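Report on the following structure.
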Amino acid sequence: MQDQLIVALDFPTEAKAKETVLALGETVGYYKVGLELFLNSGGRIIEFLQEKRKKIFLDLKFHDIPNTTAQAARWAASLGIDMFNVHASGGSEMMKKAVEIVQESCLQEGTKQPLLIGVTILTSFDETGAAQVGFKNDIQTTALNLAVLAHQAGLNGVVCSPHEVVVIKEKCGQDFLTVCPGIRPAWAQSGDQKRIMTPKEAIAAGVDYMVIGRPITQAQNLKEAALKVIAEIGGK
Ligand code: C5P
Numbered sequence: 003m004q005d006q007l008i009v010a011l012d013f014p015t016e017a018k019a020k021e022t023v024l025a026l027g028e029t030v031g032y033y034k035v036g037l038e039l040f041l042n043s044g045g046r047i048i049e050f051l052q053e054k055r056k057k058i059f060l061d062l063k064f065h066d067i068p069n070t071t072a073q074a075a076r077w078a079a080s081l082g083i084d085m086f087n088v089h090a091s092g093g094s095e096m097m098k099k100a101v102e103i104v105q106e107s108c109l110q111e112g113t114k115q116p117l118l119i120g121v122t123i124l125t126s127f128d129e130t131g132a133a134q135v136g137f138k139n140d141i142q143t144t145a146l147n148l149a150v151l152a153h154q155a156g157l158n159g160v161v162c163s164p165h166e167v168v169v170i171k172e173k174c175g176q177d178f179l180t181v182c183p184g185i186r187p188a189w190a191q192s193g194d195q196k197r198i199m200t201p202k203e204a205i206a207a208g209v210d211y212m213v214i215g216r217p218i219t220q221a222q223n224l225k226e227a228a229l230k231v232i233a234e235i236g237g238k
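For the sequence shown, our numbering begins at 3 and goes up steadily by one.
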């Protein structure tokens, strides 16, 4: 199963998300669940995906004091998911504590350890917005600094633009994972995504996981769209 492709389940109802997963069948093995779907399904979507033997990236972007984040991280790990994330701007202590508690609790419970990924700087920020909240450097530099901080804190990788992968891997090592939205097959509309790459370009750039939503979930034929992406990244 090709698991570099993570399909984003950005849906307002649990029913619509389930319908999409069922329509994609065996073609897609990894899904991203964000705040909208996690909340509107009361968390039940996790169980559904696990029943269907799917991998799960729980995209809840924790950002709180170290103790609160660590406890949330413990519960996330206890769900048996495969990947989740915290904001790197929550700081080094917060990230380290999350890593520690995930390692400890998974060891204790004998459960698999999910990948812990950092969110650097949201792409919705422009230079003005970033300056307003107190970031002193330009966005690129801030994002790279936060990736380095996440790496030093022991996280497994970061969410980033496919255009940042090369420089992040140069600074943090080839094993530091990059999880990238902003991927658009040549045949799909870019929508509100700017600075995009095609799946083929993304793989060549060293992207480890690509998060793709609408080009697949809003396609006329979901399976066909997913298969085209998978063929492009050289999977089966
Ligand atoms: O539909 P689309 O392929 O644009 O979906 C991309 C997914 O990745 C969405 O769930 C979006 O929230 C998420 N995302 C993003 N850009 C970021 C971080 C996350 O598009 N910088």
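Built from N, CA and C at the ideal position, the CB exists for glycine as well.
No experiment lies behind these values; they were computed from the predicted model shown.
Item: Three-state secondary structure (DSSP) of Val213; Value: strand
Item: Top-ranked residue by Cα proximity to Ile58, from Val35, Ser192, Asp194, Pro183; Value: Val35
Item: Backbone secondary structure at Ala100 - three-state DSSP; Value: helix
Item: Residue of Val160, Gln191, Ala204 minimising C-alpha distance to Asp61; Value: Val160
Item: Rounded separation between Val135 and Thr122 - CA only; Value: 14 Å
Item: At least three beta-carbon pairs within less than 8 Å, the region 206–216 to the region 37–44; Value: no
Item: Range covered by the alpha helix (DSSP H) that runs through Lys225; Value: 224–234
Item: Identity of the residue in Ala221, Glu166, Leu124, Pro187 nearest Val209 by Cα; Value: Glu166
Item: DSSP bridge partner residues for Cys182 (one or two, in chain order); Value: Met212
Item: Residue closest to Leu26, alpha-carbon to alpha-carbon, out of Glu38, Pro14, Ala10; Value: Ala10
Item: Val168, buried or exposed, once every other Cβ within 10 Å from all chains shown has been counted against 16; Value: exposed
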